[in-house]
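So the sequences go chain by chain: A and B.
Per my numbering, the very first residue in the first sequence carries number 99; after that it's consecutive.
Per my numbering, the very first residue in the second sequence carries number 99; after that it's consecutive.
Read the structure below first, then the notes.
Protein chains: 2
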Amino acid sequence: MTYFQQHQSDFLEGLKTFLRIPSISTLSEHKPDIRRAAEFARDELLHAGMTSAELIEGNGNPLVYAEWLAAPGKPTVLFYGHYDVQPADPLDEWKSPPFEPTVRGNDIFARGAVDDKGQVYLQIKAVESLLKTTGKLPVNVKFLLEGEEETGGEHIEEYVKTRPPRLKADAAVVCDTEMFAPELPTICVGLRGMVYAELFVEGASHDLHSGVYGGAAPNPIQAIAEILCALKDREGHLLIPGFYDRVVPPSQKERAAWATLPFDEKEYTEKEMGARALVGEPEIPLFERTWARPTLEVHGIRGGFTGEGAKTVIPARAVAKISTRLVADQRPDEAIQQLRAAVSAACPNGVTAELKVLHTGAPSLTNPDNPFIHAAAAAMKEIFGKETVYIRSGGSIPIVGVFDQYLGIPSVMMGFGLPDDNLHAPNEKFHLPNFYRGIEAVARYLEILGE
Amino acid sequence: MTYFQQHQSDFLEGLKTFLRIPSISTLSEHKPDIRRAAEFARDELLHAGMTSAELIEGNGNPLVYAEWLAAPGKPTVLFYGHYDVQPADPLDEWKSPPFEPTVRGNDIFARGAVDDKGQVYLQIKAVESLLKTTGKLPVNVKFLLEGEEETGGEHIEEYVKTRPPRLKADAAVVCDTEMFAPELPTICVGLRGMVYAELFVEGASHDLHSGVYGGAAPNPIQAIAEILCALKDREGHLLIPGFYDRVVPPSQKERAAWATLPFDEKEYTEKEMGARALVGEPEIPLFERTWARPTLEVHGIRGGFTGEGAKTVIPARAVAKISTRLVADQRPDEAIQQLRAAVSAACPNGVTAELKVLHTGAPSLTNPDNPFIHAAAAAMKEIFGKETVYIRSGGSIPIVGVFDQYLGIPSVMMGFGLPDDNLHAPNEKFHLPNFYRGIEAVARYLEILGE
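Given below as structure tokens:
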């Protein structure tokens, strides 16, 4: 019986403890929970047998750093993950409370289950399993965990950009992505970047009666509608001038590989998304739309009277949260300029529109032909018993681009989430067999790297 | 010294008491306040010397009915008003609390000050002044006050449509409009109707991650934007097929009279509205845009994540409150059909759009050549010392159309509000000189009618 098998229930209990901490980085009232989550991760790293583990304090939420460097001549791997989570609303759509982790069937349900606490925890438990059974690790290992991934990861970026000597490594391992399908080991080689912003629109200085002033007064909500429609057409094409200029289309080889991925469009649409139809640029295949094309979404909007019943008001102001996803070789700074120019051009008469950028991240695209990715593919194939596939993700993990640019290291994105894990949504879950196999796969990865 | 002069401070104190009752009909938690306001009005009518006053209970908020019928052979006038008020939000924009009436300068500030408690109260005080000084009224007088005007007035309409014998009258007097300018006595002869609705849009069954699904998932907020832009172009023209077919343009005489009204567009735009520019159909003059053209406004919108910071969610649903104002000879039922058809045609792929109509009201247009209106114009001219002008209003008072259709009586709209009274907005006020002159003008009106 292996260490993994012996300690499954310990691993699950530890994960539950981690998940009970509502470390929502977007909401300032959760600052104490952020600290508790960071301290929990640090303590687990020490318990695992890492030589040292500490909080790096600075601007923003603390980073967690740990190291074990007793494998001279062997490569050094830097594990990355984040201990913060998304907000849990809408709360009434959760079947069990978001911060009371609940096992139903083979899944554990909680905010952060898969994004990213479950995947951070499996990295730690992989290292623990090796250290507890062999007393050492096959390669040198460092951990760098952050608590601001869900709010843009500004401060870890500031830190990494100073190129601190302790972060020197040969590759980063990022467990924050998902498998393409259940039982299908997957490595992600491309991520979208993003620009997240708030669009503030103001009309009159005060709310106005729509009977008296309707036909004369500017309406900020209508203005937001007009701006949104000027940024994206009804088919999903972005109308922001210049936005597609730097977009690198996927290679024929990549497109061909994507076309062979096992995929049931009906199940994806109806079961996974719960939608009536897929939308987006009709002439572009689905995976290319979500992985290799820039998109624009409005995430929330607020304005005027939204209470019960009727109020005939023309509101003075409204605000929308919007973001664009970027793909290689788009640049966030240039995208911001293009977006600002498009908003400005689309702003109707009588209102002002101001775009306040909250955070940005560059897209990234990794060449899969390197030994750190090959080893990961081999480890996952061994544990899952199937050939590992290479995909991209439509999501954004800005740190991957920062590791590349400032530390000069590739990121190996071994993800153990599943497509129906509801990340960022109610009833987020982690498939427990993937949690356990993730621990084994990461441990096996370190062994292969050490050979 | 007249009764009016002797009792100014009593009138003001009584008005304050009325205004302190937060009788917001849109919010169900204010049901007890609605009842208190109705009882207050009933008691004031009894105190004024009306022969009887009572609450008419039925579905919805009580009606207040009172009568004094001791002038045989004289005409009967039915006073109408409403004791309910709009919600007070946004609360932080009020300079004094909305339900703590506060006199600053010559104005009294409170929710309902001018719309419509102040104008209901001046009707009652006019009758009281005559009864207390002469022991009788020059004509027969009835009152019918409602408590649902701000939510559509459904139940008073139901009641009036049964043509109850006690409502038999020769004309209605409606004090719920405004003067065109300070010191300019004004009678309103046209009102816009309306259709108020909620637009519910649903996409996927649950919120989705905009990285993973952006480019594939329908976005209900974007869909609302697309629907709004399909209903109205950037210049304010409605794009709802058939919507303008029944619109009766104002006569040349009316247009010519409107063109001579004293009006400072810059002051209207910048001071009264606090806006940067006027908007709306550019080829239509302003008064025609707001008084004689249908318009569409969005009053509020809610969807997705609107808290602090960033959440990268594609929301499952969103809702907007919208209304159209209708003008003669548009018909609410037909307008609803046209609106539904336009929403349905504009609804993008992948979402459902459902329009839930909250209330409707027909537009009205009164021929000013009748003795009840002539008497009102003469009374206002006497008290204000200026020739009375005839205008229309862009607002909606659906009961006017119902009185016309079911009781066969014209409505005399003597209004004492001012254009900067902020009705339906923060810092609603009533100009106290107009409150006092309103009392005198209504009393004088009854005297002229009795001659």
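All residues carry an ideal CB built from backbone N, CA and C; glycine is no exception.
Am I right that residue i and residue j are in contact with their C-beta atoms under 8 Å? What's the rounded C-beta distance?
i        : j        : result
A:Phe361 : A:Val271 : That pair is no contact at about 27 Å.
A:Asp182 : A:Ser123 : 4 Å
B:Asp268 : B:Val175 : 7 Å
B:Asp205 : B:Leu521 : Incorrect: roughly 13 Å between the Cβ atoms, too far for contact.
B:Ala314 : A:Thr388 : 5 Å
A:Ala460 : A:Gly291 : 5 Å
B:Ala208 : B:Glu526 : 7 Å
A:Ile196 : B:His304 : It is worth fixing the name first, because residue 196 of chain A is Pro in this sequence and not Ile. Their Cβ separation, rounded to whole angstroms, is 14 Å, which puts A:Pro196 and B:His304 out of contact at 8 Å.
Assign residue i to one of three DSSP states: helix, strand, or coil.
i        : result
A:Gly459 : strand
B:Leu176 : strand
A:Leu144 : helix
A:Val345 : coil
B:Val225 : helix
B:Ala164 : strand
B:Lys215 : helix
A:His529 : strand
B:Arg332 : coil
B:Val411 : strand
B:Val487 : strand
A:Lys479 : helix
A:Glu538 : helix
B:Lys454 : strand
A:Arg209 : coil
B:Arg438 : helix
A:Val510 : strand
B:Gly112 : helix
B:Leu521 : coil
A:Glu47  : With chain A running from 99 to 549 in the structure shown, residue 47 of chain A is simply not present.
B:Thr231 : helix
A:Ile132 : helix
B:Ile497 : helix
A:Gly171 : coil
B:Arg353 : helix
Are residue i and residue j closer than 7 Å when you measure CB to CB?
i        : j        : result
A:Val377 : A:Leu326 : no
A:Leu289 : A:Val498 : yes
A:Ile481 : A:Arg438 : no
A:Phe258 : A:Val500 : Inspection of the sequence shows that residue 258 of chain A is occupied by Val rather than by Phe. Result yes, Cβ atoms of A:Val258 and A:Val500 sit closer than 7 Å.
B:Glu538 : B:Phe116 : no
A:Ile412 : A:Asn532 : no
A:Ala475 : A:Ile546 : no
B:Pro383 : B:Leu424 : no
A:Tyr294 : A:Leu456 : yes
B:Glu300 : B:Arg415 : yes
A:Thr249 : B:Ala321 : no
B:Lys223 : B:Gly548 : no
Could you tell me which chain D residues have their CB closer than 9 Å to the CB of residue i, listed as they occur along the chain?
i        : result
A:Ser494 : The structure shown contains no chain D; the protein chains it does contain are A and B.
By alpha-carbon positions, which one of the options ends up nearest to residue i?
i        : options                                : result
A:Leu306 : B:Glu370, B:Gly499, B:Gly288, B:Arg423 : B:Glu370
B:Ser150 : B:Asp190, B:Tyr163, B:Gly158           : B:Tyr163
B:Gly147 : B:Asp213, B:Pro318, B:Pro461, B:Ser227 : B:Ser227
A:Pro466 : A:Ile285, A:Arg542, A:Ala321, A:Ile222 : A:Ile285
A:Ala451 : A:Thr367, A:Ala135, A:Glu296, A:Glu246 : A:Glu296
A:Ile154 : A:Arg140, A:Pro185, A:Leu167           : A:Arg140
A:Glu247 : A:Ala279, A:Pro160, A:Asn238, A:Asp519 : A:Pro160
A:Asp343 : A:Ile495, A:Glu386, A:Gln436, A:Glu352 : A:Gln436
B:Pro552 : B:Val225, B:Pro199, B:Tyr488, B:Gly493 : A question about residue 552 of chain B goes unanswered here, because the residues of chain B that appear run from 99 up to 549.
B:Arg490 : B:Leu235, B:Leu359, B:Pro263           : B:Leu359
A:Ser349 : A:Gln320, A:Lys484, A:Leu329, A:Glu386 : A:Glu386
B:Gly513 : B:Pro524, B:Phe528, B:Ile507           : B:Phe528
B:Phe341 : B:Ile507, B:Ala426, B:Gly233, B:Phe109 : B:Ala426
A:Glu152 : A:Ser303, A:Leu337, A:Gln428, A:Lys240 : A:Lys240
B:Gly402 : A:Glu381, A:Arg542, A:Ala186           : A:Ala186
B:Arg133 : B:Gly156, B:Leu113, B:Gly112           : B:Gly156
B:Gly372 : B:Pro517, B:Trp166, B:Val540           : B:Pro517
At 4 residues or longer, what runs of the alpha helix (DSSP H) sit wholly inside the stretch 242–322 of chain B? Counting only runs that start and end inside the stretch 242–322 of chain B, the alpha helix (DSSP H) elements of at least 4 residues fall at 252–259, 308–311.
Could I get the ranges of all uninterrupted alpha helix (DSSP H) runs contained in the stretch 365–431 of chain A, with 4 residues as the minimum, in chain order? Listed in chain order, the complete alpha helix (DSSP H) runs (minimum 4 residues) inside the stretch 365–431 of chain A are 384–389.
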